[in-house]
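Numbered by our numbering, the letters in the sequence shown go through residues 100 to 369 in order. These notes concern the structure reproduced below.
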Amino acid sequence: MTTLQKAAENHHRCVLITGATGAIGGALARAYAAPNTQLILHGRQQDKLEALAEICRHQGAKVTLSNINLTDDHALKAWLDELCTNQVPDIVIANAGKNTHPQGADMLEPWGEVQALLDLNLKTPIAMAQHLVPAMQNRGSGQLVFISSLAAWHGLPTTPSYSASKAGIKAYGEGLRGLLAPHGIGVTVVMPGYVTSPMCDAMPGPKPWEWPPERAAKAIKRGIATNRSRISFPFPLNFGTWWLAVLPGGVSQWLIQRLGFNHHGETPHD
């Protein structure tokens, strides 16, 4: 065995996933769990996080857990700095997120919920990039993965703030990809449709072409491996929502109403 082969064998790929106790995050953790892989999993539900860690360890991965407050910038910076002291993550999947929606017709979303949503869905992934990119630049490699949504193509009346946060992180990831490419750092924006989860169940309106989280994780992992700029699924819903961004605004609004995406339901529990 050559020196290079030995080095490759001893190197543990490091994958950081926030929101690992969510449906997509948990499925991604299980998809990446393998020998020679170091998983850093963050989640708010400690019991669920520890159960997930046991599954991943059984598949051969080394696992480190965290439940810090991601929206506390000081705590986030201290955590990421500590991680980079040991090993700069090879892949960072900023998956943690939440949703809110108007509680009835002619009502806006509660402002406190909007602030918390924007902090987690938009500010936190950008803050993570701010803290991690310098270390990735020094090493000359890395992959940042931002979770957007097909709702980023055109805002939905059922979830205007969520749509705005996902459109924002989509634009940020697209801009960052060109900025960081010369440094050997890839950036991928993931735009899922409906993926079976408690958050999806709580969302009002129809949920066409809903995917199980395992299928979503498989598509995301495959796209990350090839450094795709955008991973969007499922195709029929992606194609339809893309047209909402292209068509005249009045036509798009009419279609959204006709398809039932302006119906209000009960408040979701994130």
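Where a beta carbon is used, it is the ideal one built from N, C-alpha and C, also for glycine. These numbers were taken from a predicted model, which means no experiment stands behind them.
The beta strand (DSSP E) enclosing residue i, as first and last residue numbers
| i | result |
| --- | --- |
| Gly241 | Gly241 to Ile246 |
| Thr136 | Thr136 to His141 |
| Ala193 | Ile190 to Ala193 |
| Thr184 | Here Thr184 belongs to no beta strand (DSSP E); instead the alpha helix (DSSP H) covers Asp172 to Asn185. |
| Leu115 | Arg112 to Ile116 |
Residue i burial status per 10 Å Cβ neighbour count (16 or more: buried)
| i | result |
| --- | --- |
| Arg276 | buried |
| Val114 | buried |
| Met206 | exposed |
| Trp353 | exposed |
| Pro188 | buried |
| Gln144 | exposed |
| Pro335 | exposed |
| Trp252 | buried |
| Leu278 | exposed |
| Gly292 | buried |
| Ser260 | buried |
| Ala132 | buried |
| Leu358 | exposed |
| Asp340 | For the sequence presented, residue 340 should be read as Thr rather than Asp. It counts as buried. |
| Gln242 | buried |
| Asn185 | exposed |
| Gly349 | exposed |
| His200 | buried |
| Gly203 | exposed |
| Asn135 | exposed |
| Asn237 | exposed |
| Gly124 | buried |
| Thr325 | exposed |
| Trp178 | buried |
Opposing strand residues paired with residue i [DSSP bridges]
| i | result |
| --- | --- |
| Met290 | Ser331 |
| Ser165 | His141 |
| Ile284 | Gly241 |
| Trp341 | None; Trp341 has no bridge partner. |
Limits of the unbroken alpha helix (DSSP H) element including residue i
| i | result |
| --- | --- |
| Leu275 | Pro259 to Leu279 |
| Leu217 | Trp210 to Leu217 |
| Ala128 | Ala122 to Tyr131 |
| Gln202 | Per DSSP, Gln202 belongs to no alpha helix (DSSP H) and is neither H nor E. |
| Glu313 | Pro312 to Ala324 |
| Ser351 | Gly348 to Arg357 |
**OP:** Would you check if there are 3 or more beta carbon pairs closer than 8 angstroms linking the stretch 156–167 to the stretch 197–217?
**Re:** no
Original post:
How do the stretch 240–253 and the stretch 262–270 stand: do at least 3 beta-carbon pairs fall below 8 angstroms, yes or no?
Top reply: yes
**OP:** Spell out a yes or no on whether the stretch 320–335 and the stretch 281–289 are touching, meaning 3 or more CB-CB pairs, one atom from each, closer than 8 angstroms.
**Re:** At 8 angstroms Cβ cutoff, the stretches touch.
Subject >> Cβ contact check for the stretch 190–208 and the stretch 114–123: 3 or more pairs under 8 angstroms >> reply: yes
Original post:
Quick one: any contact between the stretch 168–176 and the stretch 144–154, if contact means 3 or more CB pairs under 8 angstroms?
Top reply: no
Original post:
Can you find at least 3 beta carbon pairs, one from the stretch 219–227 and one from the stretch 131–142, that sit closer than 8 angstroms?
Top reply: no
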